[in-house]
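Q: Residue numbers (my numbering), protein chains in the order written: chain A, 992 to 1302; chain B, -17 to 274; chain C, 1493 to 1794.
There's a structure below that I have some questions on.
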Amino acid sequence: MSDSRTVNGTVRVHHLSKWYGPVVAVNDVSFEIGAGVTGLLGPNGAGKTTLLRMVAGLANPSEGTVEVLGKQVRNNPEVLARIGVLPEHDGVYGFMTGRQFVELNGRLSGAHDVTAAVDRAIGAVQLADAQHRALAGYSRGMRQRMRLAGALVHDPGLLLLDEPLSGADPRQRLHFMEIVRRLAGEGRTIVISSHVLEDVEAVADRILLMVSGKLAAAGDYRAIRRKLNERPFHLRVVCSDARRMAAALMETPRVDSVAIDGDGSLRVLSRDVEALQRAVPEVAQARGIRLMRFEPLDDTLESVFSYISER
Amino acid sequence: MTTAGPAGEVFDLGYQRYEGAREGRGRARSALFWDGVRISLGLGRSASQKVLPWLFILLAIGPAIMIVVIASFASQFGDAGEILGDFGNGSYFEFAFVPLLAFGVAVGPALLCPDRRENVLALYLVRPLTSYDYVAARSFAFLAVSLVVTYLPQVVIFATLTMTSRAPATYLTENWLDVPRFVASGFVISVFATSLAMAAASLTDRRAVATAGAIGLVLVLAAAAGLLHDVAGQAGRYLELLQVPPTITTVNNWIFGEEVGPLPGVAYLGSVAGFVALFAVVTWNRYRRVRA
Amino acid sequence: MTVLLRASNLTKRFGNTVALESVSFDVHDGITGLLGSNGAGKSTALRLFLGLLRPDGGSADFVGAGTADRVAARQRIGYMPEHDCLPTHVSAAEFLTHIAQVSGLPPHEARTRATDVLRHVGLGEERYRPMGGYSTGMKQRAKLAQAFVHDPVIVLLDEPTSGLDPAGRQEMLELIGRTGRDFGISILLSSHLMGDVERTCDRVIVLEGGHLAREGEVARLVEETETLVVQVHHGLDELMSTLGARGVAARLEGGAIVVDRATGEDMDRIRDAIVESGALLYRLAPRRHSLTEVFQSPGSAA
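Listed below in C-alpha cells is the structure:
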C-alpha cells in the first residue's frame, strides 16, 4: 500500500464551478477530504454527479481547480490511474466471466502485475468463488460487487461511487458497506453519492451536502446539526411524572416549549440542547422523578438533510 | 359526520369508500371504445393533434363535395346524372380510396402506439379487461370512425344524385342497389385500412414508423407484383392479386356489377380478405404476450 | 385479519432463471411490505397477483376480490408500476376520469371520484395541465391516484420511492401511510429499502433469491428490548465508575454504556450517577431490534 493514499487532502477542490450555458451545475465549491468515507448528498439537480465527474477527470471545470493527491486531474493520466470510478449506470458484458471483466479493467487502467491485482480485487469483494461464472448469471448484488472489483483492480487511492447500491437488497447492502468500511480502513478515500440516507449514515465519517450547485454543509452531521441554531432541537423525554417534569422544564431557561403526547411522553423544544442535557437529569433527581427515556429526535442525517435543503 | 352548531357546520371531506355501481368488463370496453373514437378524430386534444385526422378526412370527402357541387350546378341545365356520367356512387371509391387508406395508416397507429410507447398499456392491462378486449375496442373504434368517413360522402352523393335528377322517384327505383353496394364496398375498404394500420401499429412503438411501414408495404407489394408480372407471364396473373390498391378498386367495380378480369371477381375479394386476415393475426399475436 | 392475496407454492421461471421457487405466503389487510433485491422475485410476484403473468407452478390468488371471475376481480385491485406510465399529452383530471371508467365506474361517478382522489393525493391546479409537464413528485402522486381511484380493496406499489431524492421519498412514504391508515386501503409495498418498510408497513415478507426468507410483523421485528443504552458526550469513564459504585451492572459497548435487563431502580441509579459524575447525557433509551438483524443472520447468498 503506497503512502500517498494516507496523506490527508487526497481530494482538494478550490472554487470549483461548472456551467452549461445559463445552467450553473456546480457553483463555487471548495472542500478538502482525505482517508475514510465521505457521503455526497443533495436533492436531485444539486450538482453531485457533475462534481464527481470533475473529480474523476471526466469533465472539465469552467472555473477553479480539482487536485487529487496534490496534482491537477485535468489530462493527467498519472493521477487518473489512482482514481477508481463506479458510475451509476454501467453495462457489463454478460458473456464475460467476472474474472475476465476485472482483468479487462486491469489492463485498461494499466495495473501492474495484472493477475495478482485481479486476485486482490476479487478477494476484496469476496467473490472468489464466483469469479469464473458468466456475469449474466450473477445476482444484482454480485454484479455491483464485481463492478467494484473492476474499479479497485488498479489499487486506486480514491474511489468515487455513484449510487452503488441501487436495487440491492438489505443483505447485499450490509455486505457492500462492510467492504467499503474495510477499504476505507486501508487508508483509501472513498466518496459515496446516494439518495438513501440510512446507507450513508451507517458508513460515512463525514458528509458533503450540496444544494443547487453550492456546498451547503460539510463535516460530521451531528456537528452540523448543532450549528443550525435557528432550528430548536426536538427531544423526547419519558418519565414517571410527565406533568411535574413538564412544569419544571418550563421554568428552565432556554426551553422553548414542552408538549405532552398522547402516550404520556414529553416533546421538548430547546435552542440550547446542552442546557437541556444538564437540566433533565438534575430536575428528575431533584423531584424524585424516574427518568426512563431521553432521546434527540432530529439528530438524524435525515433531519439535517431536510433542514439544510429547506433553508 | 357533520357538526352542526348554531352558527356553522363542518363537513367531512375525508376519503369516502365507493359504494356505487361497478359495471365491469362492459364499461371498460365501452370506455376504451369511446376514447378510441376521440383519438381517431383528435378531439379533446391540442390543435396539432386535430390536424392530421381532419386533413385526411377532408381529402377523403373532397371528391364527394366536388360531385355535389357539380351535380347541383348541372341540374339547372339538364339531368345531372347524364352530365356527371361515370362520376357517382360506383366510381367514387376509385378517387376516395387513396385518401381513405391514407387516413387509416396516418391516424390508425395513434390508437395503439402511444399507449405502448408511454407504457400506459400496463395500467390498462390490470383493469377488468383482457388484452384482446383492449385491442378489439381500439380497433373497432377506429373502424367505426373510418366507416363513417367512408359512408357519409356516399350517402350525400346518392341523396344529391336522387334530388338533382329529372325524376327522383325513377332514379331511386333504378339505382337503389347502389346503396347496399357502397355499404359493402366501403366496408371492404375500411376493414382493409383499419387492419393494415393496426398491424403496422403492433410492430413498432412509433406512430410515424408505423405509418411509413404501412405505406412502404403497399408500395413494395405493388412494385414487386409489377416486376414479377413481367417475368412470370401466365402465372403473373395471380400476382396481380398482391397489388393492393388496384385489387381493391377491382373489388369495388365487381360489387357494382362491372366486368372484371382476368380472374373472377371473387378472387380479388379473396385476396383482400387474405390480407385482412394476415394483418389481424399479426395484431392478435402482438397482444397475446402481455408485457407490462 | 382477512387474507387478501394468497401465494401457494408459486413458481415462475424466465428461461433458465427461476424468479420464484415454490413460494407460499398470505397478504393480509393493512400495509404489508415485500422486501428483497431487484431480481429476488418481488416484481414477478406482483405481476402474478395482477394477472399480468401466468405461474409455471402453484397459484397467486386475489382471494379478497369477492368474486371468482379473475377479470372482474381486477375492479377491486390497484397497481402503481415502478416505471413511467402516464400519457404525456393528457391532464391528470382527464386521465383519472378515463381510467376510472376503464375500471368499471359509470362516467358521472368516475369524474367525481377522480376529482376527490386527486385532492387526496395533493394535486391542485396542476391536475388540469398535461402530465408531460409534471415534476417527478406530481407524477408519483398521479400514479398513486390512478391506483386507487376505483376504491380497490388493495393496492400494489412497485418500488414507489425509486429514483426519488430524500425529500421526495419522505413525501411519498407519508402519502402511502396516509392512504393505508387514513383511507383504509390495504397496501402491498414492494421495495428493496428496509427504511421504506420500517417506516410504513405493519407486516413484512422478505424474499431472497426467489425464496421466502422471513415474514412477520414489523413491530415484532423492531420491538424494544429490555437492554438500556446510555450515550453521553463526555464523562463516559466517570459515569462508568460511578455506576459501578452505585451497584449498576453496566458494560461498555462501542462507546456507549449498556445495561441488560434494567429495572426501575437501575434507572434511578443511572439518573443519579449521571448527575453525580457531571456527564452530559446524549441519549437514554431501550435498544431496539432492527430489520437489519434479519439480514445479518445467515441466509441465501446474495
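We put the CB at the ideal spot given by N, CA and C, even for glycine.
My assumption, with CB atoms under 8 Å, is that residue 1659 of chain C sits in contact with residue 1034 of chain A. Please give the rounded CB distance.
A: In the third sequence, residue 1659 of chain C corresponds to position 167, counting from 1. In the first sequence, residue 1034 of chain A corresponds to position 43, counting from 1. Between residue 1034 of chain A and residue 1659 of chain C the Cβ distance is about 6 Å, and since that is below 8 Å, they are a contact.
Q: Please report how far the alpha carbon of residue 1290 of chain A lies from the alpha carbon of residue 1105 of chain A, in whole angstroms.
A: In the first sequence, counting from the first residue as 1, residue 1290 of chain A sits at position 299. In the first sequence, counting from the first residue as 1, residue 1105 of chain A sits at position 114. Those two C-alpha atoms are separated by around 46 Å.
Q: So if I threshold CB-CB distances at 9 Å, which residues from the region 1724 to 1738 of chain C count as touching chain A?
A: Here the close residues are 1724 and 1725.
Q: Output the distance between the C-alpha atoms of residue 1140 of chain A and residue 1110 of chain A, rounded to the nearest integer angstrom.
A: Residue 1140 of chain A sits at position 149 when you count from the first residue of the first sequence. Residue 1110 of chain A sits at position 119 when you count from the first residue of the first sequence. Rounded to whole angstroms, residue 1140 of chain A to residue 1110 of chain A spans 10 Å at the Cα level.
Q: In whole angstroms, give me the CA-to-CA distance for residue 107 of chain B and residue 1544 of chain C.
A: The residue labelled residue 107 of chain B in the question sits at position 125 within the second sequence. The residue labelled residue 1544 of chain C in the question sits at position 52 within the third sequence. Answer to the nearest angstrom: the Cα atoms are 7 Å apart.
Q: Kindly indicate if chain B contains any beta-carbon less than 8 Å away from that of residue 1652 of chain C.
A: As a working mapping, residue 1652 of chain C is identified with position 160 in the third sequence. With 8 Å as the cut-off, residue 1652 of chain C does not count as an interface residue toward chain B.
Q: Apart from the five residues just before and just after residue 1539 of chain C, which ones in its own chain have a Cβ nearer than 8 Å to its Cβ?
A: What you label residue 1539 of chain C is simply residue 47 of the third sequence in a count that begins at 1. Cβ neighbours of residue 1539 of chain C beyond the five flanking positions: 1545.
Q: Report buried or exposed for residue 1782 of chain C, applying the criterion of at least 16 other Cβ atoms within 10 angstroms of its Cβ.
A: Locating residue 1782 of chain C in the third sequence gives position 290, where the first residue counts as 1. Burial call: exposed.
Q: In chain B, which residues lie less than 7 Å from residue 1591 of chain C when you measure between Cβ atoms?
A: What you label residue 1591 of chain C is simply residue 99 of the third sequence in a count that begins at 1. The contacting residues are 105.
Q: Under 8 Å between C-beta atoms, does residue 1658 of chain C make it to chain A?
A: If you number the third sequence from 1, residue 1658 of chain C lands on position 166. Yes, its Cβ sits closer than 8 Å to a Cβ of chain A.
Q: Rounded to a whole number of angstroms, what is the C-alpha to C-alpha distance between residue 1074 of chain A and residue 1234 of chain A?
A: Position 83 of the first sequence, counting from 1, holds the residue named residue 1074 of chain A. Position 243 of the first sequence, counting from 1, holds the residue named residue 1234 of chain A. Cα to Cα, residue 1074 of chain A sits roughly 58 Å from residue 1234 of chain A.
Q: Along chain A, in chain order, which residues have C-beta atoms closer than 8 Å to that of residue 1638 of chain C?
A: Counting from 1 along the third sequence, the entry for residue 1638 of chain C is found at position 146. Result: empty, since nearest Cβ-Cβ is about 23 Å, beyond 8 Å.
Q: Does the distance from the CB of residue 1634 of chain C to the CB of residue 1647 of chain C come in under 8 Å?
A: The residue labelled residue 1634 of chain C in the question sits at position 142 within the third sequence. The residue labelled residue 1647 of chain C in the question sits at position 155 within the third sequence. Against a cut-off of 8 Å, the Cβ pair of residue 1647 of chain C and residue 1634 of chain C comes out as no contact.
Q: Check each residue of the region 1018 to 1047 of chain A: if its Cβ is closer than 8 Å to any Cβ of chain C, include it; give the result in chain order.
A: Listed in sequence order: 1032, 1033, 1034 and 1035.
Q: From C:1582, C:1597 and C:1603, pick the residue whose C-alpha is nearest to that of residue 1618 of chain C; which is it?
A: Sequence index remark: in the third sequence, residue 1618 of chain C carries index 126 (1-based). Closest option to residue 1618 of chain C, Cα to Cα, is C:1582.
Q: Taking Cβ-Cβ distances shorter than 7 Å, what residues in chain C pair up with residue 1296 of chain A?
A: For the purposes of this step, residue 1296 of chain A is taken as residue 305 along the first sequence, with counting starting at 1. Going along chain C in sequence order, the residues near residue 1296 of chain A (Cβ under 7 Å) are 1658.
Q: Report the neighbours of residue 1766 of chain C on chain A: residues whose CB is nearer than 7 Å to its CB, in chain order.
A: Within the third sequence, residue 1766 of chain C is the residue found at index 274, counting from 1. Neighbours of residue 1766 of chain C on chain A, chain order: 1272.
Q: Looking only at DSSP bridge pairs, what is residue 1706 of chain C linked to?
A: As a working note, residue 1706 of chain C is residue 214 in the third sequence. According to DSSP, residue 1706 of chain C bridges with C:1698.
Q: Using a Cβ-Cβ cut-off of less than 7 Å, list which residues of the region 1161 to 1193 of chain A approach chain C; keep chain order.
A: So the close ones are 1161, 1162, 1163, 1165, 1166, 1186, 1187, 1188 and 1189.
Q: What residues in the region 1245 to 1271 of chain A have a beta carbon less than 8 Å from any beta carbon of chain C?
A: Of all residues in the region 1245 to 1271 of chain A, 1265, 1268, 1269 and 1271 have a Cβ within less than 8 Å of some Cβ in chain C.
Q: Can you tell me the Cα-Cα spacing of residue 993 of chain A and residue 1743 of chain C, whole angstroms?
A: If you number the first sequence from 1, residue 993 of chain A lands on position 2. If you number the third sequence from 1, residue 1743 of chain C lands on position 251. Its pLDDT being 39, under 50, residue 993 of chain A is placed unreliably by the model, and nothing is read from it.
Q: Touch check for the region 1059 to 1071 of chain A and the region 1225 to 1233 of chain A: three-plus C-beta pairs under 8 Å?
A: At 8 Å Cβ cutoff, the stretches do not touch.
Q: At 7 Å on the CB atoms, spell out the chain C contacts of residue 13 of chain B, in chain order.
A: Taking the second sequence and counting its residues from 1, the one referred to as residue 13 of chain B is at position 31. Ordered by position in chain C, the residues that pass the 7 Å Cβ test against residue 13 of chain B are 1590, 1593 and 1594.
Q: When DSSP builds the beta bridges, which residues end up paired with residue 1181 of chain A?
A: Position 190 of the first sequence, counting from 1, holds the residue named residue 1181 of chain A. Note: residue 1181 of chain A sits in a beta bridge opposite A:1028 and A:1150.
Q: Taking only the alpha-carbon atoms, compute the straight-line gap between residue 1730 of chain C and residue 1277 of chain A and give it to the nearest angstrom.
A: Residue mapping note: residue 1730 of chain C aligns to position 238 of the third sequence, counting from 1. Residue mapping note: residue 1277 of chain A aligns to position 286 of the first sequence, counting from 1. Cα to Cα, the separation comes out at about 21 Å.
Q: Excluding the 5 residues flanking residue 1784 of chain C on each side, which residues of the same chain have their C-beta closer than 7 Å to its C-beta?
A: Against the third sequence, residue 1784 of chain C aligns to sequence position 292. Excluding sequence neighbours, residue 1784 of chain C sits near 1686.
Q: Cβ closer than 7 Å: which chain A residues qualify as neighbours of residue 1788 of chain C?
A: One-based indexing of the third sequence puts residue 1788 of chain C at position 296. Result: 1165.
Q: Determine which residues share a DSSP beta bridge with residue 1650 of chain C and list them.
A: In the third sequence, the residue the question calls residue 1650 of chain C occupies position 158. Looking at the DSSP assignment, residue 1650 of chain C forms a beta bridge with C:1682.
Q: Is the CB of residue 1506 of chain C under 8 Å away from at least one CB in chain B?
A: As a working mapping, residue 1506 of chain C is identified with position 14 in the third sequence. Cβ-Cβ to chain B under 8 Å: no for residue 1506 of chain C.
Q: Run through DSSP, which three-state label would residue 105 of chain B get?
A: Here the question's residue 105 of chain B lines up with position 123 in the second sequence. In the structure shown, residue 105 of chain B sits in a helix (DSSP, three-state: H, G or I).
Q: According to DSSP, simplified to helix, strand and coil, what is residue 1011 of chain A?
A: For this step, residue 1011 of chain A is matched to residue 20 along the first sequence. Three-state DSSP puts residue 1011 of chain A in a strand.
Q: Quick one, are the C-beta atoms of residue 1502 of chain C and residue 1510 of chain C less than 8 Å apart?
A: The sequence position of residue 1502 of chain C within the third sequence is 10, counting from 1. The sequence position of residue 1510 of chain C within the third sequence is 18, counting from 1. Against a cut-off of 8 Å, the Cβ pair of residue 1510 of chain C and residue 1502 of chain C comes out as no contact.
Q: List the residues of chain B whose Cβ lies closer than 9 Å to the Cβ of residue 1564 of chain C, in chain order.
A: Within the third sequence, numbered from 1, the residue matching residue 1564 of chain C stands at position 72. What residue 1564 of chain C touches in chain B: 4, 6, 7 and 110.
Q: So which residues of chain C does residue 190 of chain B contact, with C-beta pairs closer than 9 Å?
A: For the purposes of this step, residue 190 of chain B is identified with residue 208 of the second sequence, where counting begins at 1. Here the premise fails: no neighbours, minimum Cβ distance about 16 Å.
Q: Residue 274 of chain B by DSSP, collapsed to three states: which one?
A: If you number the second sequence from 1, residue 274 of chain B lands on position 292. Since pLDDT at residue 274 of chain B reaches only 36, below the 50 mark, its modelled position is unreliable, and the value read off the structure follows with that caveat. Note: residue 274 of chain B maps to coil in three-state DSSP.
Q: Note the first and the last residue of the continuous alpha helix (DSSP H) segment covering residue 1094 of chain A.
A: Locating residue 1094 of chain A in the first sequence gives position 103, where the first residue counts as 1. Run containing residue 1094 of chain A: 1089 to 1099, per the alpha helix (DSSP H) assignment.
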